[in-house]
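The next block holds one structure in the form of structure tokens; read it before the comments.
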């Protein structure tokens with residue numbers, strides 16, 4: 523496999539669905555956020571195309587971002603989301619070869635990081651169970667904007683002192699790929715067996731893999 527980058531600076535990964543499986547009840551999270559948004563007057567139709575955090579932001583904006591009511595609303599929403607995530611974090615299972623891949627990258631001297639929309643408390647539980655350790659982890663609390671926006675990826679790159687063009691972002695969702703591309707990294711889409719073959723068509727990652735061991739092949743030629 524031809525390496526995606528030379529002089530590899532860092533390898534970044536999504537967490538849930540990429541390194542670990544938690545089976546978080548995203549449908550419940552979405553219903554709860556829609557319920558909260560409806561209580562402050564947002565119409566159901568206005569929320570259908572928004573992701574979970576987008577629904578939260580819409581509710582905050584409707585109350586006047588920065589106002590006491592908006593701050594209280596966001597805090598309540600984050601508490602609900604965190605409770606649901608923590609409930610499932612204790613059921614974490616390592617995705618095949620995730621720990622092996624991260625360990626191999628560490629041995630190669632490649633800095634690694636996680637960029638996740640999950641909360642830090644649940645993410646730390648998942649990593650502890652899966653016995654995975656990376657150099658940095660950017661969670662929901664660490665950025666004001668979230669994937670597919672590039673901000674959290676750029677924060678991770680900054681903490682690793684890594685150049686975007688010499689880094690790779692790996693994830694199982696189009697928002698992972700879009701975030702990496704917007705930040706200027708190379709991107710790898712991780713398509714799980716249950717996911718459709720065309721799932722990354724709208725994001726156009728540099729490489730699509732079905733096995734995490736393929737990540738090593740994509741960068742090992744550059745890392746020596």
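Residue numbers (my numbering): 523 to 746. The C-beta atom is built at its ideal place from N, Cα and C for all residues, glycine as well.
Does residue i pass the burial test, meaning 16 or more other C-beta atoms within 10 Å, or should it be called exposed?
i	result
residue 607	buried
residue 726	exposed
residue 701	buried
residue 715	exposed
residue 639	buried
residue 666	exposed
residue 579	buried
residue 645	buried
residue 733	exposed
Taking residue i as part of the alpha helix (DSSP H), name the residues at either end of that continuous run.
i	result
residue 732	No alpha helix (DSSP H) contains residue 732, which DSSP labels as neither H nor E.
residue 675	673–681
residue 558	548–561
residue 645	642–652
So what does residue i bridge to, in DSSP terms?
i	result
residue 538	542
Run through DSSP, which three-state label would residue i get?
i	result
residue 571	coil
residue 533	strand
residue 616	strand
residue 742	helix
residue 635	strand
residue 693	strand
residue 527	coil
What is the residue span of the beta strand (DSSP E) that residue i lies within?
i	result
residue 710	708–712
residue 630	From DSSP, residue 630 is part of no beta strand (DSSP E); its letter is neither H nor E.
Does any C-beta atom of chain B lie closer than 8 Å to the C-beta of residue i?
i	result
residue 632	Structure shown: chain B not included; a single protein chain is present.
*When the Cβ atoms of the region 611–618 are set against those of the region 535–555, are three or more pairs found closer than 8 Å?*
Contact between the region 611–618 and the region 535–555 is established, with three or more Cβ pairs separated by less than 8 Å.
*Are at least three pairs of beta-carbons, each pair with one atom in the region 710–724 and one in the region 657–677, less than 8 Å apart?*
Counting Cβ pairs under 8 Å, fewer than three are found: no touch.
*Evaluate contact between the region 646–656 and the region 687–697, counting only Cβ atoms and requiring at least three cross-stretch pairs below 8 Å.*
Touching, no.
*Can you find at least 3 beta carbon pairs, one from the region 695–709 and one from the region 524–540, that sit closer than 8 Å?*
Verdict: yes, contact present.
*Using 8 Å as the Cβ pair cut-off and three pairs as the minimum, do the region 619–628 and the region 554–572 touch?*
Too few Cβ pairs lie closer than 8 Å, so no.
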